[in-house]
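Written below as structure tokens is the structure these notes are about.
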């Protein structure tokens, strides 16, 4: 499937900012399920440097800009040819050992409730069959956390999302990571894009899901918000321990301003007409 | 005072005879009238206060204005004793660096099954962000502080390794400076190897690891968390000695491929950062996003070869207490040599059989937290009362993986000035090994002394002091 992506992030500051620095992982890499046909990240007058592929295989670059600034816009546009690999990540070059992704963070820290849900969900799946177990955990997260935009915040933890029973794709991903850790399965946060269809959720802004390391298969994507594995509608950008570590844009500003962010993402099938959703 | 307690090795004595290395010191102290002694002790204190060296050693916290007691009786190593230590320390520093280069690359030692993988990769100090990268000269820990204790004539043990930013070297330098000033005669009577080459050696080391993208004379800076840090004195002292800038995070910024320092003459490129702040605070775009101490974007510049950071982020995984057990194995695996320095036998409470032994023998053992430092959260079994033992037993049982245990070592003693004259007190030693283009080691280190009679805890927060450490020239 050929997908066209346009992702615009506009940062607005309520007072002029002296300097802005961001770390971007906004360029997807070629894998068996995605081939990048064209890609461009436009950061206007900012200076770009310090670019490299990190140990997890993600292309990283640094963007810096001197103020005074009142707004800053990052526009990502590209074309990707995708193929359904049933969520299995193949052909992705990386060096980080999977066992490093057993490490929990503040956002994915285990609690008795998370452990309890993991135990309940994996009941009846044999410990050796980690693929069955991963599917079971993914379903359990889908059932336990309803997709309700605006119900959680950027800093919401897995434990809080489970307790509230509501969240968005980032919460689903982090709860699933925590459950996987409870079962000693390495798991990580993945950010990317999803072409919206009538029955999918989470495509309004950049999407997120989890990857679990499954014996014999390697990394496999699980989108608990949609209770499925990524297919040809998905484009993978980058990964990390959690939503903060796996964010495609991490930035700080020099100045006492409040920052507001407006994100719009459009993922269209080639030939589909332009209709843009706002996040 | 020459009474020997056979339980502990007294470094001054051989049986009841004074060893040759200490003869002149023994004459010196015996000839010193009590009033001169207290005058000198007072003078030393004044000198320490004047230079402003009042911080806690080894980042132990506590009152930053408090003076660490300085004991005027030096500790002496013969040239022969030092030769062995020198070989062992360099060997260990080389092995620790080889280990770091390996675990962030192919992880051969893990694949070979010599160290359990999860102890390394599933460890707080393991930095995913630097996997696959190769720092300049593949050096990860540029200043290795190795804590040693002595239990006999030829018996030394490594207590722990410090691969991040070991502190205390300013004490090594100032202790010597002050002794030379107060007792110049001693330095004429004895041929003592100098330590004042340390600053030049440190600078050589830092310059030698300039990044690939540096094409001129490398610009070195020291990055400090600021004047409220307990070791701030040391940061500014070393910057002065090396003739480099002392900067805080807010003095640096990232633009394009490089890190720049704000100066009155405009931005100046920075090539090598000797950082004295922890990994977590280095860069809010890579680690803790709430850090105000670091430089946003620094890690990206580092990882793309635009700047060197010493020690390398992630180096802490080599000095974790759970990894310590395997350092002799690293020496064999990477260097193909027999380890010169021994580890203290260590029981891992994470292993049920070893934990059982620890619980059953708690009163004889020293128990430490795996991630702790500074002598806090530590149990010295033989010195603990019943309720302390019980409390610790409960702690270990609740979180066994958080504790290791070691036998209570009979730490050697060195004569020390006390109220009643001179008496033996227990000591340890931290030498500072430099790793860059070459491995360099200044002959000496920081000797810490437990000033309270019978105490085995040398930490300054718990009644420890410091001494000048002599290595006699060949």
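Residue numbers (this note's numbering), protein chains in the order written: chain A, 1 to 279; chain B, 1001 to 1474.
Glycine included, each C-beta is placed from N, C-alpha and C at the ideal position.
Listed by position along chain A, the residues whose Cβ is nearer than 8 Å to that of residue 1452 of chain B form an empty set, because the closest Cβ is around 41 Å away. Per DSSP, the beta-bridge partners of residue 64 of chain A are A:21, A:47. CA-CA distance, residue 90 of chain A to residue 74 of chain A, rounds to 29 Å. The shortest CA-to-CA distance from residue 1364 of chain B to any of B:1427, B:1039, B:1409 is the one to B:1409.
Nearest C-alpha to residue 128 of chain A among A:213, A:254, A:228: A:213.
With 16 or more other Cβ atoms from the protein chains shown falling within 10 Å of its own Cβ, residue 1172 of chain B counts as buried.
Measuring C-alpha to C-alpha distances from residue 1042 of chain B to each of B:1396, B:1019, B:1070, B:1134 identifies B:1070 as the nearest.
Chain B places a beta carbon closer than 7 Å to that of residue 52 of chain A, counting this residue as a contact.
Within the segment 219 to 230 of chain A, no residue places its CB atom closer than 8 Å to a CB of chain B. Within the model, the alpha-carbon separation for residue 16 of chain A versus residue 67 of chain A is close to 7 Å.
Per DSSP, reduced to three states, the secondary structure at residue 229 of chain A is coil, with no helix or strand assignment.
By the rule that beta-carbons nearer than 7 Å mark a contact, residue 250 of chain A touches chain B. Near chain B, meaning a CB-to-CB distance below 7 Å, no residue of the segment 161 to 195 of chain A qualifies. Identification of chain A residues near residue 1300 of chain B by a Cβ-Cβ cut-off of 7 Å yields 23, 50, 60, 62, ordered along the chain.
Rounded to whole angstroms, the Cβ separation of residue 1193 of chain B and residue 1473 of chain B is 5 Å, and the two are in contact under 8 Å. The C-beta distance from residue 21 of chain A to residue 64 of chain A rounds to 5 Å, short enough to meet the 8 Å contact threshold. For residue 1123 of chain B, the closest alpha carbon among the candidates B:1323, B:1270, B:1220, B:1186 is that of B:1323. Taking a cut-off of 8 Å on C-beta distances, the segment 1267 to 1286 of chain B does not touch the segment 1320 to 1334 of chain B, as fewer than three cross pairs fall below it.
Here residue 1261 of chain B is bridged, per DSSP, to B:1252, B:1268. Annotated as proximal: residue 1099 of chain B and residue 1318 of chain B, with beta-carbon spacing under 7 Å. For residue 1161 of chain B, same chain residues with a beta-carbon under 8 Å away, outside a window of 5 residues either side, are 1092, 1096, 1144, 1145, 1146, 1147, 1318, 1319, 1324, 1327 in chain order.
In the DSSP assignment, residue 238 of chain A is bridged to A:191. Residues of chain A whose Cβ lies closer than 7 Å to the Cβ of residue 1121 of chain B are, in chain order, 97, 99, 100. The count of Cβ pairs closer than 8 Å, one atom from the segment 1128 to 1136 of chain B and one from the segment 1305 to 1313 of chain B, reaches three, so the stretches are in contact.
Look at residue 1082 of chain B here: in three-state DSSP terms it is helix. Selection B:1471, B:1040, B:1167, B:1424 evaluated against residue 1011 of chain B yields B:1424 as nearest (Cα-Cα). According to DSSP, residue pairing for residue 213 of chain A in a beta bridge involves A:219.
For the set B:1459, B:1413, B:1411, B:1421, the Cα lying nearest the Cα of residue 1377 of chain B is the one of B:1459. For residue 1116 of chain B, no chain A residue has a Cβ inside 9 Å of its Cβ, as the nearest lies near 10 Å away. When C-beta atoms of the segment 1444 to 1454 of chain B are compared with those of the segment 1022 to 1042 of chain B, fewer than three pairs fall below 8 Å, so the two segments do not count as touching. Collapsing the DSSP output to three states places residue 59 of chain A in a strand.
Inclusion of residue 81 of chain A and residue 57 of chain A in the CB contact set at 7 Å is not warranted, their separation being larger than that value.
Checking the DSSP bridge columns, you'll see residue 260 of chain A partnered with A:12. For the pair residue 14 of chain A and residue 266 of chain A, the CB atoms are not nearer than the 7 Å cut-off. Residue burial annotation: residue 1188 of chain B is exposed, with fewer than 16 other C-beta atoms found within 10 angstroms of its C-beta.
Near chain A, meaning a CB-to-CB distance below 9 Å, no residue of the segment 1222 to 1237 of chain B qualifies.
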